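*Asks:*
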Amino acid sequence: MDTILLLSGGLDSAVILAEAISQGKKVLALSFDYGQRHRIELDFARKLAEHYGAKHLIIKIDPQAFGQSSLVTHENVPKDRTSEEIKEKGNNSTYVPARNTLFLAYAIVQAELHQAKEILYGPNALDKYCFPDCDGDYVQAMQRVIDQTMKQTLKENAPQVRTPLIDLDKEAIVRKAIELRVPIEMTLSCYDPTSDGTHCGRCDACVLRNSGLKAADDRG
């Protein structure tokens, strides 16, 4: 196995998966069932992995581990904010404490088991402003953890943590998706979808997705 990839079922991770497969990499996609209100994203992740012929593993985590984030409670998620408001005020309500750290810990285990060369996950340019576990400093810190804890390090072949989208905004990601022929209709980027997986169109994730789709379409 070449690559361990965190696959949410959303557009960003779908783009990363498509690119990895296009490069001929053997991918193990990891998804997580942590009691999220948008659990239907796992169905989208499953279909994406099947579409690209990637091995797929869904790991279950007790939602009590994540406290009071609106993504794992019945608290309303923010809606009807503009892209500018999201960037300015952040996503405090939908922040899930240490989620990426926990997910990456599982990815490290799988990388060790499969002797993988890299771990991929998908923070983008806006995420860096909204979440503490999505910027370059965090990625470097996780790399140091890997370098100091994995048995592979002794053989000087520890996997590298890579974030292919960290400098891209949603428009650029949509353009990349089109270039890679990602089936965008098979992705779900919504914090509060309907039971059949329809985007609400109003949550922060939908606003950012739709703004990216519109900007890419306007530019042709």
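Sequential numbering from 329 applies to the sequence shown in my numbering. Even for Gly, the Cβ is constructed at its ideal location relative to N, Cα and C. Every value quoted in this text rests on a predicted model; they were computed, and no experiment measured them.
1) Please look up how many angstroms separate the CB atoms of residue 523 and residue 534, rounded, as I've assumed it's under 8 Å.
2) Between residue 357 and the rest of its own chain, which residues show a CB-CB distance below 6 Å, the 5 nearest in sequence each way excluded?
3) Count the other CB atoms, across all protein chains shown, that sit within 10 Å of the CB of residue 388; report buried if there are 16 or more and exposed otherwise.
4) Look at residue 509 and residue 408 and say whether their C-beta atoms are less than 8 Å apart.
5) Using the Cα positions of residue 456 and residue 494, report the straight-line distance between them to the nearest angstrom.
6) Taking DSSP as the reference, what is the three-state secondary structure of residue 271?
7) Is it buried or exposed for residue 472, if we count other Cβ within 10 angstroms and need 16 for buried?
8) How many Å lie between residue 547 and residue 485 at the Cα?
9) Using CA atoms only, rank isn't needed, just tell me which of 394, 406 and 443 is closest to residue 429.
10) For residue 464 and residue 514, I'd like the C-alpha separation in whole angstroms.
11) Go through its chain and collect everything with a Cβ distance to residue 520's Cβ below 6 Å, but skip five positions before and after it.
12) Terminal residues of the continuous alpha helix (DSSP H) containing residue 504?
13) Go to residue 360, then tell me how far its beta strand (DSSP E) extends in each direction, as first and last residue.
14) Using 8 Å as the threshold, is the C-beta distance between residue 400 and residue 363 below it?
15) Quick one, which of 536, 410 and 351 has its alpha-carbon nearest residue 453's?
16) Using beta-carbon positions only, say whether residue 492 and residue 448 come within less than 8 Å of one another.
17) Within 10 Å of its beta-carbon, does residue 367 have 16 or more other beta-carbons around it, so buried, or fewer, so exposed?
*Replies:* Taking the geometry as given:
1) With 8 Å as the limit, residue 523 and residue 534 do not qualify as a contact, their Cβ atoms being about 16 Å apart.
2) 333, 335, 377, 382 and 384
3) exposed
4) no
5) 8 Å
6) The requested residue 271 is not part of the displayed model; the chain covers only 329 to 548.
7) exposed
8) 43 Å
9) 394
10) 29 Å
11) 405, 528 and 531
12) 498–507
13) 355–361
14) yes
15) 536
16) yes
17) exposed
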